[in-house]
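Engineer: So that we are looking at the same thing, I have put the structure below in structure tokens.
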Amino acid sequence: MSKKLVVANWKMHLNTSQASLLLHRLQERTRIHREVEIVLAPSMLVLQPLSLQIDRRKFRLAAQNAYYKDEGPYTGEVSFTMLQDLVHYCIVGHSARRVYFNETLEEVREKISACVRNNITPILCVGETKQEKRLGEGRQVLHDQLVTALSNLTAREVEEMVIAYEPVWAITTFDGIMAKPYDVQKSMDAIRSEIKELYGKKASERVRVLYGGSVDDKDVGGYLEIEGCDGVLVGAASLNYFQFSSICETVYQLSIK
Ligand code: PGA
285 MSKKLVVANW KMHLNTSQAS LLLHRLQERT RIHREVEIVL APSMLVLQPL SLQIDRRKFR
345 LAAQNAYYKD EGPYTGEVSF TMLQDLVHYC IVGHSARRVY FNETLEEVRE KISACVRNNI
405 TPILCVGETK QEKRLGEGRQ VLHDQLVTAL SNLTAREVEE MVIAYEPVWA ITTFDGIMAK
465 PYDVQKSMDA IRSEIKELYG KKASERVRVL YGGSVDDKDV GGYLEIEGCD GVLVGAASLN
525 YFQFSSICET VYQLSIK
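Note that my numbering gives residue 399 to position 115 of the sequence shown, counting from 1, and the numbers run on in steps of one.
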């Protein structure tokens, strides 16, 4: 069984000193667990200073986004190549990027390829919007997002990556409706069966699948009990050290049960 994974997406919050203070508090409150991997995804600006402060026995770093070209005249962008020594993971195709920055399926595919090419593990976000859900298109959306995003990868590369199922309607920023674990289970099963069809049984069993809709320390347990759920991607609640450390503790307690 793979380790449980908890990812904190700090989004566009916290300047360098605020992020450093939050990390300090989290380091104080978090025990070293072999069973749980905790990943912090601060803003790009903060990655470098946090990398000097971080206790690597407790946390790893992720970027929230990067550009898919390795180098060139792309003013304002940061490439995966530049992040190589700084992060283990990068979030790719988060709904905020798809919705606010019109990131297309093809751009997500290029980013996934660049991420893997630069030895960074992608955390690919997939999920349907409220409108798509209402129209009964959820399964088709997952299919399209997965087929396109992964089309340049081998089965081995897919095995090693992470997929976060984030129903857009269940994210705090959008509608923040609490998803029922039963519905999340169906979508996570759909993700694994898409992977099985495209890359075989082994890849479908090994790829880590997270729940990425809104969670707090009270309801996180319900999602972690879903069969095949390898952890959570936490947004709003990860900005509060008390909430986030108690989510990590719950994940740990459930993983040793
Ligand atoms: P949320 O966001 O926990 O604030 O709903 C999750 C995410 O979008 O990363």
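C-beta atoms are modelled at their ideal positions from N, C-alpha and C, and glycine is treated no differently. All of these numbers come straight from a predicted model, not from anything done at the bench.
(1) Rounding to the nearest angstrom, what Cα-Cα distance links leucine 331 and threonine 314 in this structure?
(2) Which residue from Val431, Arg492, Gly515, Lys502 puts its Cα closest to that of methionine 462?
(3) Is valine 371 closer than 7 angstroms to isoleucine 407 when the C-beta atoms are compared?
(4) With DSSP as the reference, label leucine 324 as helix, strand or coil.
(5) Pick out whichever of Gln527, Val499, Asp467 has its Cα sitting closest to the Cα of glycine 515.
(6) Return the CA-CA distance between leucine 367 and leucine 324, expressed in angstroms with no decimal places.
(7) Select from Gln527, Ile375, Tyr483 the residue whose C-alpha is nearest the C-alpha of serine 435.
(8) Could you tell me if glutamine 424 is buried or exposed, where buried requires 16 or more neighbouring beta carbons within 10 angstroms of its beta carbon?
(9) Distance check for valine 518 and glycine 422, CA to CA, integer angstroms please.
(10) Taking only the alpha-carbon atoms, compute the straight-line gap between glutamate 321 and leucine 289 and give it to the nearest angstrom.
(11) Residue ranges of each beta strand (DSSP E) run of no fewer than 3 residues wholly in the segment 324-393, ordered along the chain?
(12) Would you list the residues sitting across from glycine 515 in a DSSP beta bridge?
(13) Counting Cβ pairs, one atom from each stretch, are 3 or more of them under 8 angstroms apart for the segment 486-496 and the segment 527-536?
(14) Hey, is threonine 456 close to the ligand PGA, as in C-beta under 6 angstroms from one of its heavy atoms?
(15) For the beta strand (DSSP E) containing leucine 408, name the first residue and the last one.
(16) Nearest by alpha-carbon distance to methionine 472: which of Thr456, Gly497, Gln415, Asp459 is it?
(17) Whose C-alpha, out of Ala350, Val392, Leu508, is nearest the C-alpha of aspartate 428?
(18) Nearest by alpha-carbon distance to valine 491: which of Tyr373, Tyr352, Glu444 is it?
(19) Where does leucine 508 fall in DSSP's three states?
(20) Given the structure, does alanine 520 come close to the ligand PGA, in the sense that its CB is under 6 angstroms from one of the ligand's heavy atoms?
(21) Taking the C-alpha atoms as reference points, what is the distance between phenylalanine 385 and leucine 426?
(22) Output the boundary residues of the beta strand (DSSP E) element that contains valine 446.
(23) Mapping the DSSP letters down to three states, classify valine 468 as helix, strand or coil.
(24) Would phenylalanine 526 be called buried (16 or more neighbouring beta carbons within 10 Å of its own) or exposed?
(25) Roughly how many whole angstroms lie between the Cα atoms of phenylalanine 528 and asparagine 299?
(26) With burial defined as no fewer than 16 other Cβ atoms inside 10 Å of the residue's Cβ, what is the status of threonine 413: buried or exposed?
Structural biologist: Working from what's here:
(1) In a straight line, the C-alpha of leucine 331 is about 20 angstroms away from that of threonine 314.
(2) The shortest C-alpha separation from methionine 462 is found at Lys502.
(3) With respect to the 7 angstroms criterion, isoleucine 407 and valine 371 are not classified as neighbours on the basis of their beta carbons.
(4) In the structure shown, leucine 324 adopts extended strand secondary structure according to DSSP, grouped into three states.
(5) Here the closest residue by C-alpha is Val499.
(6) Going by C-alpha positions, leucine 367 is about 14 angstroms away from leucine 324.
(7) Residue Tyr483 is the option with its Cα nearest to serine 435.
(8) Glutamine 424 should be labelled exposed.
(9) One C-alpha to the other measures close to 22 angstroms.
(10) Straight-line Cα distance between these residues: approximately 5 angstroms.
(11) Residue ranges of uninterrupted beta strand (DSSP E) with 3 or more members, entirely inside the segment 324-393 and ordered along the chain, are 343-347, 373-376.
(12) Bridge pairing for glycine 515: Leu289 [DSSP].
(13) Fewer than three pairs of CB atoms, one per stretch, sit closer than 8 angstroms, so the segment 486-496 makes no contact with the segment 527-536.
(14) Threonine 456 Cβ: within cutoff of the ligand PGA.
(15) Going by DSSP, leucine 408 is part of the beta strand (DSSP E) stretching over 405-410.
(16) The shortest Cα separation from methionine 472 among Thr456, Gly497, Gln415, Asp459 belongs to Gly497.
(17) Selected option, being the one with the closest Cα: Val392.
(18) Ranking Tyr373, Tyr352, Glu444 by Cα distance to valine 491 puts Glu444 first.
(19) Helix, per DSSP.
(20) Yes, Cβ of alanine 520 sits closer than 6 angstroms to a heavy atom of the ligand PGA.
(21) Roughly 19 angstroms between the two C-alpha positions.
(22) Residues 446-449.
(23) Three-state result, valine 468: helix.
(24) Classification of phenylalanine 526: exposed, given that the 10 Å Cβ count is below 16.
(25) Computed Cα separation, rounded: 18 angstroms.
(26) Buried.
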